[in-house]
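Chains as they are written, first to last, in my numbering: chain A, 1333 to 1663; chain B, 1333 to 1663. Just so it is clear, CB atoms sit at the ideal spot from N, CA and C, and this is done for glycine as well. What follows is a short report on a single structure.
Number of protein chains: 2
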Amino acid sequence: MATIRDVAKEAGLSTGTISKALSTPERVSKKNLEKIQAAIKKLNYKPNMLAQKFRAKSSKTIVVLVPDIANQFFASVISGIELVAQNKGFSVLLGDTRDSAVREREFVRMVETKLADGIINLRPYKKQDAILPRDDILAVSASSCEGTPSYSVRIDNVGAAKKAVGHLISLGHKRIGVISGLQDNPHNIDRLNGYKAALSAANIDYDPTLVIAGDFNYWSGLTAAEQFSSMKQRPTAIFSMNDEMAIAAIRGFKDKGINMPQDMSIIGFDDMEVSRYCIPTLSTISQPAEKIGQKSAELLLQLIEGSKPETEEYILPYEFVIRESIAPPRA
Amino acid sequence: MATIRDVAKEAGLSTGTISKALSTPERVSKKNLEKIQAAIKKLNYKPNMLAQKFRAKSSKTIVVLVPDIANQFFASVISGIELVAQNKGFSVLLGDTRDSAVREREFVRMVETKLADGIINLRPYKKQDAILPRDDILAVSASSCEGTPSYSVRIDNVGAAKKAVGHLISLGHKRIGVISGLQDNPHNIDRLNGYKAALSAANIDYDPTLVIAGDFNYWSGLTAAEQFSSMKQRPTAIFSMNDEMAIAAIRGFKDKGINMPQDMSIIGFDDMEVSRYCIPTLSTISQPAEKIGQKSAELLLQLIEGSKPETEEYILPYEFVIRESIAPPRA
DNA sequence: AACAAAAAATGAACCGGTTCATATTTATTT
DNA sequence: AAATAAATATGAACCGGTTCATTTTTTGTT
């Protein structure tokens, strides 16, 4: 494999000139530039980026910690991150942590050992087992929750949930069920707080039996729907903490002969692509996933460049999308 | 940031000894080992892996090219790859190519410039725009199709399709519809060949009007179901080239009041998780996704280590999973 | 205690880029 | 044509590890 010294010899010039020709060609004489290009071509020279990065003491790489890559929402966030990173000449290393702290630590190690310059964490922050933030590691938390103690980018989960549930209340619903995510998931907590806030604003008492815990996956939404169906006094509307469970619930209610939206209104969260196609089409909270990714990347790159962003917390606008799945309750 | 020389000075030893203490501690005297560990701790020394990799002239990294990371099947394959790579001390760089040749080329460039040692390509090979294989780049094709001209790991797509369709025929079906993937997708072609083979084995003529082209996404399965429903002589069974479209089709047929499996049998491909939960549960071809990933990684690492695997093509066993979605046609 | 053999430690050289103080060439001015 | 200024080119030193031929220390043997 040809090195820069081989090119220098071939072109009859010094290594310094070759280096400059590659980084700032306008500062090399035309005549020599041609010689250099010819030599590069002849030797099929490709600069060794390991050497470059080593010298520069910067890997120009950021790690994105993802709890689960097979997830539409995360994929969109990542897409936004990559867009910005690419523009600034950074590579993106996807760390599929599969919710394992061990794997997470391994990726953090990459920053410690210079293999990466910083981290974007898509896993919501939990106090108990947080490996980040650490003051020796540049990191940004994307799609985080209230009270995340580091640079973070997110939507107002509490407000979004409150808005969605508030809308159901304004339609006349009084008994509103919740399909929540995993017990200790922080998003869950924020969204549940929003739900409670909407109830109390309307002077409706909070009834914990109307909250059924799921796990953000399809199957749990189906079970939840069955449980709601068999209640003696079943709710007239459901707020599901993600679209996947909401869509499963639609299926579950249909199987029980419950008509939507006449007998049951449903609202999801995330605005997955399918939500536009299911029957009835699903009302939901749309998160600006790609924007969240972009903003996170911008923040992290700013940190890497050494400047201090003005704000620690960036809260992006969400959108409440009303589709066919909601209606006033039957009189 | 402390370097190995700082540690050497602190411990009163030479850099060579420190280096050895880190790689082969059993070859360093106990007394010095303790001194070294103390020094490392005191200085909070972390070896610079960029320097290590540069010296070793190997990044110990493999790139996995994925057309779309938000896809269950790919996620499982990747999971298998990571398992093997981790064991051998390799990192995995996920290249989400989003089906763009430009982005693909960029990742290939990482191998050219030593940022990665090899590539696993999850994108099925097409002659027209293939960037791989290239004889200067170590690469393995995972989940490939017949005739992929490089090291490859896959199932027998033709055989699997033939088996599934053959089973439908053995149940008595004669008019069997197909929901295919994108026109020029190579998996598509293999699976369609299997379909044709099953027909001809039973002396049933191939009727191209029974093949409706989808794009592997939910929406296209729904449309296909509508088209099949409105045929004057509609098929009694459907072979869908992935589960996502099959599940959409189930939904589509239900909306048209067609009962499954009595009036319509459906078989999918991939065995997604949801396929166990939809109603009726979906019969499908189960691919050993994780195993495909493992085998691909083993192959690539073998290539990187410099040895030549015996076989170029590894064909792994699939499984035909029979669930509720199929039955004999009505008499 | 003397010597040989084995084990451990040394430190300069190396990997392939980039940098920068210095030298050389080219262009401009008088 | 000479003097000065500007533009280019040079090449040794450097980044932080690892390697290995050589030296030093320890261990074992007689």
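Query, Result
"Straight-line CA distance for A:S1390 to A:A1448?", "8 Å"
"Is DSSP giving B:T1616 helix, strand or coil here?", "strand"
"Under 8 Å, Cβ to Cβ, is there at least one residue of chain B near A:P1379?", "yes"
"For A:L1514, which of A:L1524, A:R1507, A:K1506, A:H1505 has the nearest alpha-carbon?", "A:L1524"
"Taking Cβ positions, are A:M1604 and A:D1575 nearer each other than 8 Å?", "yes"
"So, at 8 Å on beta carbons, what are the nonlocal neighbours of A:R1359 in its own chain, with the 5 sequence-adjacent residues on each side left out?", "K1352"
"List the DSSP bridge partners of A:V1396.", "A:L1426, A:I1452"
"Between the C-alpha atoms of B:Q1369 and B:K1362, what's the straight-line distance to the nearest angstrom?", "11 Å"
"Along chain B, in chain order, which residues have C-beta atoms closer than 7 Å to that of A:K1385?", "L1382"
"Determine the contact status of B:A1492 and B:I1617, defining contact as a CB-CB distance below 8 Å.", "yes"
"Looking at the strands, I want to know which residues DSSP matches up with B:D1602.", "B:S1618"
"Here's a check: name, in chain order, each residue in its chain whose Cβ is nearer than 6 Å to the Cβ of B:C1477, leaving out the five neighbours to either side.", "P1456, P1518, H1519, D1522"
"CB B:K1623 to CB B:G1412, shorter than 8 Å?", "yes"
"Give the straight-line distance between the Cα atoms of B:S1512 and A:K1458, rounded to the nearest whole angstrom.", "44 Å"
"Report the residue from A:L1365, A:S1572, A:K1378, A:K1627 whose alpha carbon sits nearest the alpha carbon of A:G1600.", "A:S1572"
"Any idea if A:D1431 is buried or exposed, counting beta-carbon neighbours within 10 angstroms, 16 or more meaning buried?", "exposed"
"I need the boundaries of the alpha helix (DSSP H) containing B:S1552, first residue and last residue.", "1550 to 1561"
"Within the same chain, show all residues whose beta-carbon is closer than 8 Å to that of A:E1558, passing over the 5 residues directly before and after it, in chain order.", "G1584, K1588"
"Pull out every residue of the region 1443 to 1459 of chain B whose Cβ sits closer than 7 Å to any Cβ of chain A, in chain order.", "E1444, T1445, K1446, L1447"
"Give every residue of the same chain whose Cβ lies closer than 7 Å to the Cβ of B:I1636, excluding the five residues on either side of it in the sequence, and list them in chain order.", "D1449, G1450, L1470"
"Going by alpha carbons, who is nearest to A:G1526 out of A:N1549, A:D1537, A:D1488?", "A:D1488"
"Relative to chain B, which residues along the region 1615 to 1638 of chain A have a C-beta separation below 8 Å, given in chain order?", "none"
"Between A:Q1559 and chain B, is the shortest Cβ-Cβ distance under 8 Å, so that the two count as touching?", "no"
"Looking at chain A, is there any beta carbon in it that lies within less than 8 Å of the beta carbon of B:Q1404?", "yes"
"To which residues does DSSP link B:G1667 through a beta bridge?", "Shown here, chain B extends from 1333 to 1663; a query on residue 1667 of chain B therefore has no answer."
"Inspect the CB distances between the region 1636 to 1651 of chain A and the region 1544 to 1552 of chain A and report whether three or more fall short of 8 Å.", "no"
"Is there a C-beta anywhere in chain B that falls below 8 Å from the one on A:A1659?", "no"
"With 16 other CB atoms within 10 Å as the buried threshold, where does A:N1403 fall?", "buried"
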